[in-house]
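**Student:**
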Amino acid sequence: MKPLLMLLVITAPAWTKDTCLECHAALEGRLGKPAEQFKDDIHAHRGFGCAACHGGDPTSADPKISMSPSRGFRGVIPRRQVPEMCARCHSDAALIHRFKPQERVDQLAQYRTSVHGKRLAQGDLGVATCADCHHAHGIREVRDALSPVHPLRLPETCAACHADPERMKGRAAG
Numbered sequence: 001m002k003p004l005l006m007l008l009v010i011t012a013p014a015w016t017k018d019t020c021l022e023c024h025a026a027l028e029g030r031l032g033k034p035a036e037q038f039k040d041d042i043h044a045h046r047g048f049g050c051a052a053c054h055g056g057d058p059t060s061a062d063p064k065i066s067m068s069p070s071r072g073f074r075g076v077i078p079r080r081q082v083p084e085m086c087a088r089c090h091s092d093a094a095l096i097h098r099f100k101p102q103e104r105v106d107q108l109a110q111y112r113t114s115v116h117g118k119r120l121a122q123g124d125l126g127v128a129t130c131a132d133c134h135h136a137h138g139i140r141e142v143r144d145a146l147s148p149v150h151p152l153r154l155p156e157t158c159a160a161c162h163a164d165p166e167r168m169k170g171r172a173a174g
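In our numbering, the protein residues as written are 1 to 174.
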């Protein structure tokens, strides 16, 4: 009996055109930086474009259409909404397991029971959300040594906030 080699191709929603990246890559400063960072993002590598998080119409070159609230566009995601926005995909086992069959899909529940999650629920907008630790547009796999949540980089990532006495003033852990 000969061994059978099976190739599984996994695809993500793909748009034929992503005008978000085209336009933002031509911009400078805070509006151009996300396009630069996103080229190394795990979501981009798996076929997810800007609209996966920000909504809108990535196929339209007209900003009035591509960034129209009627097309679901939301620019900067409010801090309070970041965990739920990330969980739209990361809590969806069918979607996540297409890419990483072993991946847990209870991160939102874990976050909500953490000190950060509890404080966010109480209205403290100064606590960390997903984007603070993982970043927003240059997200890398945990095992990537450049990822801020790689085990060897966690002390540095946590210290970005926790080692700042002013930021931590009045925020006893617990």
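Glycine included, C-beta positions come from ideal geometry on N, C-alpha and C.
Which same chain residues, not among the five before or five after ALA61, have their C-beta less than 6 Å away from its C-beta?
**Tutor:** Excluding sequence neighbours, ALA61 sits near THR19.
**Student:** Tell me whether GLU103, by its Cβ, gets closer than 8 Å to a heavy atom of the ligand NAD.
**Tutor:** Absent from the structure shown: the ligand NAD. Ligands present: none.
**Student:** Let me make sure I understand the geometry here. Which of ARG30, GLY29, PHE38 and GLU28 has the alpha-carbon closest to that of LEU21?
**Tutor:** Of the listed residues, the one whose Cα sits closest to LEU21 is PHE38.
**Student:** Are the beta-carbon atoms of ARG167 and GLY117 separated by less than 9 Å?
**Tutor:** It is not a contact, given that the beta carbons lie outside the stated cut-off.
**Student:** Check for me: the alpha helix (DSSP H) holding PRO34 runs from which residue to which?
**Tutor:** That run of the alpha helix (DSSP H) goes 33–38.
**Student:** Taking buried to mean at least 16 other C-beta atoms within 10 Å of its own C-beta, is GLY138 buried or exposed?
**Tutor:** Per the 10 Å Cβ criterion, buried.
**Student:** With distances taken from CA atoms, which of LEU154, GLY29, ALA51 and GLU84 is nearest SER68?
**Tutor:** Checked all of LEU154, GLY29, ALA51 and GLU84; the closest Cα to SER68 is ALA51.
**Student:** Going along the chain, which residues of its own chain have a beta-carbon closer than 8 Å to the beta-carbon of ALA26, five neighbours each way excluded?
**Tutor:** Around ALA26: GLY32.
**Student:** Between the stretch 151–168 and the stretch 92–107, do three or more beta carbon pairs fall short of 8 Å?
**Tutor:** Contact between the stretch 151–168 and the stretch 92–107 is absent, because fewer than three Cβ pairs lie under 8 Å.
**Student:** Rounded to whole angstroms, what is the Cα-Cα separation between GLY170 and VAL115?
**Tutor:** The straight-line gap from Cα to Cα measures roughly 14 Å.
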